[in-house]
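Numbering (the working numbering), first residue to last: 123 to 376. Notes follow once the structure below has been shown.
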Ligand code: 6PG
């Protein structure tokens with residue numbers, strides 16, 4: 123049984139534990155009825171997880187029964203070093219047997235507004251619906267040092283209230299355009315996993331998990347799955363302020 127929140131000694135230990143849990147969830151779903159749908163986060167943290175999945179589980183998971191989506195993408199071509207698709211492709215997809223049609227990348231090279239519309243339709247066409255919204259078995263999320271998640275940055279909190287399922291945003295410091303799914307889709311999922319590492323995120327993690335008053339300034343605090351489960355997987359550095367316990371596979375009591 124998955125405990126909701128865990129602190130691991132290292133990002134690698136976090137990745138190995140989360141990979142094990144994800145693989146078990148994939149294997150436990152009756153994919154004769156529906157394939158398994160997962161939306162991947164971007165940035166650097168998931169690299170550990172995707173590498174473990176590609177290196178340790180290439181031959182033991184029915185990857186042809188899994189459809190991959192993204193929670194966001196930078197508006198760059200797929201071969202760009204900034205591309206979230208490129209990172210997942212290098213670390214995972216090139217190592218597993220998976221039909222190309224199971225990989226639903228956000229086309230960062232396309233016109234952002236048109237691509238947000240196209241990707242919205244692709245999510246609607248290729249996922250089962252719950253509450254008339256795309257329903258993902260798993261959504262993976264990271265969190266930035268400013269408390270953003272997916273590409274919902276401070277100032278874009280309205281994307282947790284919009285009736286759109288996908289939006290175009292501008293990174294507040296780099297000016298980079300991004301396409302992101304919205305809070306409606308995130309909070310509609312069966313399981314949402316935050317994977318967060320690094321000391322520079324410890325204060326925000328603590329504020330959110332301890333329900334501090336100022337957590338509202340962080341978009342990640344708006345992730346509250348309607349019916350689904352929310353998990354925080356942290357390394358010791360990101361979880362360092364949560365309890366006085368020494369780091370380890372500690373479950374955070376909420
Ligand atoms: C992105 C992500 C973003 C990321 C956080 C954390 O496209 O960058 O989806 O939300 O998860 O910025 O990034 P790091 O893992 O690199 O710290």
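Each residue gets a CB set at the ideal place from its N, CA and C atoms; glycine is no exception.
Assuming contact is defined by CB atoms lying nearer than 8 Å, are residue 213 and residue 319 in contact in what I supplied?
For the purposes of this step, residue 213 is taken as the residue at position 91 of the chain shown. For the purposes of this step, residue 319 is taken as the residue at position 197 of the chain shown. Their beta carbons are not under 8 Å apart, which means residue 213 does not touch residue 319 by this criterion.
Residue 127 - DSSP class collapsed to helix/strand/coil
As a working mapping, residue 127 is identified with position 5 in the chain shown. Correct three-state label for residue 127: strand.
Just the C-alpha distance for residue 121 and residue 355, rounded to the nearest angstrom, thanks.
Residue 121 lies beyond the range of the chain shown here (123 to 376); nothing can be said about it.
From which residue to which residue does the beta strand (DSSP E) around residue 195 run?
Within the chain shown, numbered from 1, the residue matching residue 195 stands at position 73. Per DSSP, residue 195 belongs to the beta strand (DSSP E) from 194-196.
Is it buried or exposed for residue 343, if we count other Cβ within 10 angstroms and need 16 for buried?
One-based indexing of the chain shown puts residue 343 at position 221. It counts as buried.
In the DSSP assignment, find the alpha helix (DSSP H) that holds residue 136 and state where it starts and stops.
For the purposes of this step, residue 136 is identified with residue 14 of the chain shown, where counting begins at 1. Segment 133-150, the alpha helix (DSSP H) holding residue 136.
Cβ-heavy atom distance between residue 167 and the ligand 6PG below 7 Å?
To locate residue 167, count along the chain shown from 1; it is residue 45. Checking the Cβ of residue 167 against the ligand 6PG gives yes.
Could you give the distance in angstroms between the alpha-carbon of residue 348 and the alpha-carbon of residue 220?
The residue you call residue 348 lines up with position 226 of the chain shown. The residue you call residue 220 lines up with position 98 of the chain shown. If I take the Cα positions, the gap works out to 31 Å.
Less than 8 Å between the C-beta atoms of residue 275 and residue 294, yes or no?
For the purposes of this step, residue 275 is taken as residue 153 along the chain shown, with counting starting at 1. For the purposes of this step, residue 294 is taken as residue 172 along the chain shown, with counting starting at 1. In this structure, residue 294 lies closer than 8 Å to residue 275 by Cβ.
So residue 350 packs on residue 313, CB below 8 Å; how close in whole Å?
For this step, residue 350 is matched to residue 228 along the chain shown. For this step, residue 313 is matched to residue 191 along the chain shown. The pair is a contact, with the Cβ atoms about 6 Å apart (cut-off 8 Å).
Exposed or buried, residue 233, counting other C-beta atoms within 10 Å across all chains shown (16 or more means buried)?
Within the chain shown, residue 233 is the residue found at index 111, counting from 1. Per the 10 Å Cβ criterion, exposed.
Ordered along the chain, which non-local residues of its own chain (more than five positions away) have a Cβ less than 6 Å from that of residue 179?
By one-based count along the chain shown, residue 179 stands at place 57. Here the set comprises 145.
Check whether the segment 320-336 touches the segment 281-292, counting contact only when three or more Cβ pairs, one atom from each stretch, lie closer than 8 Å.
no
Of the residues 184, 175, 301, which one's Cα is nearest the Cα of residue 281?
As a working note, residue 281 is residue 159 in the chain shown. Ranking 184, 175, 301 by Cα distance to residue 281 puts 301 first.
Where does residue 152 land, buried or exposed, given buried means 16+ other C-beta within 10 angstroms?
Position 30 of the chain shown holds residue 152. Exposed, since its Cβ has fewer than 16 Cβ neighbours within 10 Å.
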